[in-house]
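To keep things clear, I will list the structure first and then write my remarks on it.
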Amino acid sequence: MSEAPSTPYTVAVVGAGPAGLYAARKLAQAGVQVLLINRDLKPGGLAEYGIYYTKHKMKEGLRKQFRKILDLPEVQYFGGVEVGDAYSVTLTDLYDLGCSAVLFTVGAQGTKMLGLPGEVGTEGIFHAKDLVYYCNQLPPFANQHFEIGKRVGIIGMGNVMIDIARWLIFDKKVEEVIVIARRGPAERAYTDKEMREVVKNLDQEALHAELERIEPALKEVGQETEALFAEMMKPLEKAKAADSPTRLSFRFLSSSKRVLTDEANRVSGLEVESNRLVPKGDTLRPQGTGEVSVIPMDTLIYAIGDQVDEKVGLPFAWGKYIVLSDPHPTAPERARYEVYDPNKEQVLEGVFVGGWARVASDGLVGKARADGETAASEVLAYLESQTSPSHAHDEPLQRWKRLLASKEIRQFTKKHVQRLEAAEQAEAQKLGQDFFKFNSNQKMWDAIESSPEV
Ligand SMILES: Cc1cc2nc3c(=O)[nH]c(=O)nc-3n(C[C@H](O)[C@H](O)[C@H](O)COP(=O)(O)OP(=O)(O)OC[C@H]3O[C@@H](n4cnc5c(N)ncnc54)[C@H](O)[C@@H]3O)c2cc1C
Ligand SMILES: NC(=O)c1ccc[n+]([C@@H]2O[C@H](COP(=O)([O-])OP(=O)(O)OC[C@H]3O[C@@H](n4cnc5c(N)ncnc54)[C@H](OP(=O)(O)O)[C@@H]3O)[C@@H](O)[C@H]2O)c1
Numbered sequence: 111m112s113e114a115p116s117t118p119y120t121v122a123v124v125g126a127g128p129a130g131l132y133a134a135r136k137l138a139q140a141g142v143q144v145l146l147i148n149r150d151l152k153p154g155g156l157a158e159y160g161i162y163y164t165k166h167k168m169k170e171g172l173r174k175q176f177r178k179i180l181d182l183p184e185v186q187y188f189g190g191v192e193v194g195d196a197y198s199v200t201l202t203d204l205y206d207l208g209c210s211a212v213l214f215t216v217g218a219q220g221t222k223m224l225g226l227p228g229e230v231g232t233e234g235i236f237h238a239k240d241l242v243y244y245c246n247q248l249p250p251f252a253n254q255h256f257e258i259g260k261r262v263g264i265i266g267m268g269n270v271m272i273d274i275a276r277w278l279i280f281d282k283k284v285e286e287v288i289v290i291a292r293r294g295p296a297e298r299a300y301t302d303k304e305m306r307e308v309v310k311n312l313d314q315e316a317l318h319a320e321l322e323r324i325e326p327a328l329k330e331v332g333q334e335t336e337a338l339f340a341e342m343m344k345p346l347e348k349a350k351a352a353d354s355p356t357r358l359s360f361r362f363l364s365s366s367k368r369v370l371t372d373e374a375n376r377v378s379g380l381e382v383e384s385n386r387l388v389p390k391g392d393t394l395r396p397q398g399t400g401e402v403s404v405i406p407m408d409t410l411i412y413a414i415g416d417q418v419d420e421k422v423g424l425p426f427a428w429g430k431y432i433v434l435s436d437p438h439p440t441a442p443e444r445a446r447y448e449v450y451d452p453n454k455e456q457v458l459e460g461v462f463v464g465g466w467a468r469v470a471s472d473g474l475v476g477k478a479r480a481d482g483e484t485a486a487s488e489v490l491a492y493l494e495s496q497t498s499p500s501h502a503h504d505e506p507l508q509r510w511k512r513l514l515a516s517k518e519i520r521q522f523t524k525k526h527v528q529r530l531e532a533a534e535q536a537e538a539q540k541l542g543q544d545f546f547k548f549n550s551n552q553k554m555w556d557a558i559e560s561s562p563e564v
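Residues in the sequence shown are numbered consecutively from 111, following this note's numbering.
This is the structure we're talking about:
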C-alpha cells in the first residue's frame with residue numbers, strides 16, 4: 111500500500127462505528143484520503159459501546175479488524191470530535207474543508223420516545239440506549255446514576271430488550287422484569303440465541319396464563335397458544351445457567367397509554383390498552399380494543415429502537431435523515447444514500463449517509479458494515495463524475511488540523527487509540543480482569559499521557 115493516497119480526493123467520514131470504519135476501508139482501498147471523525151475518543155461505535163458488555167471475545171474480534179482499518183495510511187482518525195450544527199464542529203465548518211464528499215455514518219443517536227402523558231420529567235424512566243452506554247462505560251453515561259427499582263417494565267421485545275433484561279436479571283437482580291409488547295408472541299423481534307441468556311428466569315406459569323388471556327385475539331389470526339408456548343420455550347434447550355431469582359414475564363398485545371406516578375414523582379405504573387391483531391399487507395398490526403388496565407412498576411425502560419440525531423443538522427423528518435427518494439437511475443431497486451434537502455428540492459451535493467444513520471436500529475454489525483461499504487461505493491461513483499480538486503491533495507487535512515487548533519480541540523489520532531488500548535490492557539492485567547475501560551475522557555487522556563509511546 112502506498113504512503114500517499116493515489117487519487118486527489120479527500121472524503122470526510124463522520125462516525126467511526128462499523129458502518130464508518132468499513133466505508134473508510136473501501137474508500138482507502140480505492141486510493142482516497144479519508145478523514146475519519148468520531149464523537150467518542152475510541153472507534154467502534156455500538157460494537158464497542160453497545161454489544162453486551164461481557165461479550166469480550168466478539169468485541170475483541172471486531173477491534174482487531176478495526177485496528178487494521180485505522181492502520182491504513184490513507185485513513186486519518188480524529189476521535190473526540192462531535193460534528194453537527196449543535197456541536198463543536200458545525201456542518202459549515204466541515205463543508206468548508208474542501209473535501210470532495212462527506213459521508214455521515216453517525217448511527218442513530220436520537221432518543222425515540224412514545225409521547226405518553228407522564229413520560230417527561232418522571233423519575234424512573236430510562237431509554238435502553240443510555241443504559242447500554244452506561245454498562246459499556248461510554249463517557250459521560252458511564253458516570254451517570256440510574257436509579258433502578260425492584261419491578262421493572264421494558265417496552266419493546268427486540269434483542270436490545272434481552273440485553274437490558276440480562277443486565278437487570280444478573281447484575282441488578284431486580285425482583286421482576288415485565289416485557290410489554292404491543293403485538294403478540296409470534297411478532298417477537300428478539301432471536302432465540304439471545305433469549306437463551308435469560309430464558310431460565312422466564313416464569314412459565316405466567317407465560318401460560320398470559321397466552322390464555324390473549325387466546326381469543328390469537329385465534330382471530332389463526333395462531334395457537336400451545337405452539338407459541340413451545341416456540342418461546344425452545345431456547346431453554348440450550349439455556350445458560352441462571353443464578354438470579356429475578357422473575358421474567360411478558361405482557362402481550364398491550365399499547366402504552368399513560369405513565370402513572372407516585373407522590374415522589376416516580377413511576378408507579380403503566381396504563382396500557384389491549385390490542386387485537388389486524389392483517390395489513392404481509393404483517394399483523396396492533397389495533398386498540400378500548401380495554402384499559404394498569405401494570406404496576408417502579409421503573410420503566412424504553413427498548414423500542416432509536417432514531418437519528420436531529421441536532422446534527424442534516425435535513426430531518428420523522429426520526430430519519432432525508433435521502434433522495436427518486437429511484438436509482440440504473441438499478442431502481444437500489445437504496446439511495448444521497449442526502450436530500452426538501453426546502454431547496456435538491457440533493458446536498460456530495461453529502462451521503464450510511465449504516466444506522468441511514469436506517470436506524472437496523473440489524474447487526476454485518477449489516478451496518480455492508481451498508482457502510484455500499485455507501486462508500488456510492489461516494490466513489492460520485493467522485494468519478496467529479497473533476498479533480500484544484501487544491502493540493504492534503505489541503506483538507508491541513509485545514510482540518512487548523513480548525514481543531516482554532517477550536518482548541520486536542521487531536522486524538524490512531525496513535526492515541528493504540529496507546530489507550532495498551533494502557534487499558536495493562537490495567538486489566540494488573541486487576542486480573544478480562545477487560546478494563548477508563549470511564550471518562552479525562553482518565554483516557556491521563557492514561558495516554560502517563561503511558562510509554564507504543
Ligand atoms: C444494545 C445493542 C446491542 C447490540 N449487540 C449486537 C451484537 O451482539 N452483535 C451484533 O452483530 N450487533 C449488535 N448490535 C448492532 C450493532 O451494534 C449495529 O448494527 C452497528 O453498531 C451499527 O453501526 P453504525 O456504524 O451504523 O452506528 P454506530 O455503531 O452507532 O456508530 C456510530 C458512530 O458515530 C459516532 N458519532 C455519533 N454522532 C456523531 C457526531 N455528531 N459526530 C461525530 N461522530 C458521531 C459515534 O461516536 C459512533 O462511533 C447491537 C446494537 C445495540 C443497540
Ligand atoms: N445480541 C444481538 O445480536 C443484538 C443485541 C441488541 C441489538 N441487536 C440488533 O440491533 C437492532 C435493534 O434492536 P432493537 O431491539 O432496538 O430493535 P428491534 O429489533 O426493531 O425491536 C424493537 C422492539 O420495539 C417495539 N417497538 C418499536 N416501536 C414501538 C412503539 N412505537 N411502541 C411500542 N413498541 C415499539 C417493536 O415492536 P413492533 O415489532 O411491534 O414494531 C419491537 O418489539 C436489531 O437488528 C437487533 O437484532 C442485536
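Positions of the beta carbon are idealized from the N, C-alpha and C atoms, including for glycine.
These figures come from a predicted structure and were not determined experimentally.
At what residues does the beta strand (DSSP E) containing residue i begin and finish?
{"i": "Ile288", "result": "Glu286 to Ile290"}
{"i": "Leu380", "result": "Val377 to Lys390"}
{"i": "Asn148", "result": "Gln143 to Asn148"}
{"i": "Gly400", "result": "Thr393 to Pro406"}
{"i": "Tyr412", "result": "Thr409 to Tyr412"}
{"i": "Ile258", "result": "Per DSSP, Ile258 belongs to no beta strand (DSSP E) and is neither H nor E."}
{"i": "Leu151", "result": "Looking at the DSSP string, Leu151 is not in any beta strand (DSSP E), and its letter there is neither H nor E."}
Which partner residues does residue i have in the DSSP bridge list?
{"i": "Glu297", "result": "Glu297 pairs with nothing; no bridge assigned."}
{"i": "Leu370", "result": "Gly379"}
{"i": "Gln417", "result": "Gly220"}
{"i": "Ile161", "result": "Note: Ile161 sits in no beta bridge, so no partner."}
{"i": "Val199", "result": "Val193"}
{"i": "Glu233", "result": "Arg376"}
Put residue i into one of helix, strand or coil per three-state DSSP.
{"i": "His318", "result": "helix"}
{"i": "Asn253", "result": "helix"}
{"i": "Arg361", "result": "strand"}
{"i": "Ser560", "result": "coil"}
{"i": "Val193", "result": "strand"}
{"i": "Gly476", "result": "helix"}
{"i": "Gly429", "result": "coil"}
{"i": "His501", "result": "coil"}
{"i": "Ser112", "result": "No answer about Ser112 holds up, because its pLDDT of 43 lies below 50 and its placement is not dependable."}
{"i": "Val422", "result": "helix"}
{"i": "Leu434", "result": "coil"}
{"i": "Gln175", "result": "helix"}
{"i": "Gly263", "result": "strand"}
{"i": "Ala122", "result": "strand"}
{"i": "Leu137", "result": "helix"}
{"i": "Val463", "result": "strand"}
{"i": "Gln186", "result": "strand"}
{"i": "Pro128", "result": "helix"}
{"i": "Leu458", "result": "strand"}
{"i": "Leu312", "result": "strand"}
{"i": "Ala515", "result": "helix"}
{"i": "Leu213", "result": "strand"}
{"i": "Val489", "result": "helix"}
{"i": "Glu307", "result": "coil"}
{"i": "Thr117", "result": "coil"}
What span of residues does the alpha helix (DSSP H) with residue i cover, start to end?
{"i": "Pro326", "result": "Glu325 to Glu330"}
{"i": "Arg276", "result": "Asn269 to Phe280"}
{"i": "Val242", "result": "Ala238 to Cys245"}
{"i": "Tyr447", "result": "Looking at the DSSP string, Tyr447 is not in any alpha helix (DSSP H), and its letter there is neither H nor E."}
{"i": "Leu338", "result": "Thr335 to Met343"}
{"i": "Leu226", "result": "No alpha helix (DSSP H) holds Leu226; DSSP gives it neither H nor E."}
Exposed or buried, what is residue i when buried is set at 16 or more other beta-carbons lying within 10 Å of its beta-carbon?
{"i": "Gly130", "result": "buried"}
{"i": "Ala485", "result": "buried"}
{"i": "Ser112", "result": "With a pLDDT of 43 at Ser112, under the threshold of 50, the modelled position of that residue is not reliable, and no figure is offered here."}
{"i": "Gln219", "result": "buried"}
{"i": "Gln143", "result": "buried"}
{"i": "Pro227", "result": "exposed"}
{"i": "Pro396", "result": "buried"}
{"i": "Lys260", "result": "exposed"}
{"i": "Thr399", "result": "exposed"}
{"i": "Ser516", "result": "exposed"}
{"i": "Lys390", "result": "exposed"}
Check whether chain C comes within 7 Å of residue i, counting only Cβ atoms and requiring the distance to be less than that.
{"i": "Gly464", "result": "In the displayed structure, chain C is absent; only one protein chain is listed."}
Ordered list of alpha helix (DSSP H) runs contained in the stretch 519–558, each at least 4 residues: 524–541
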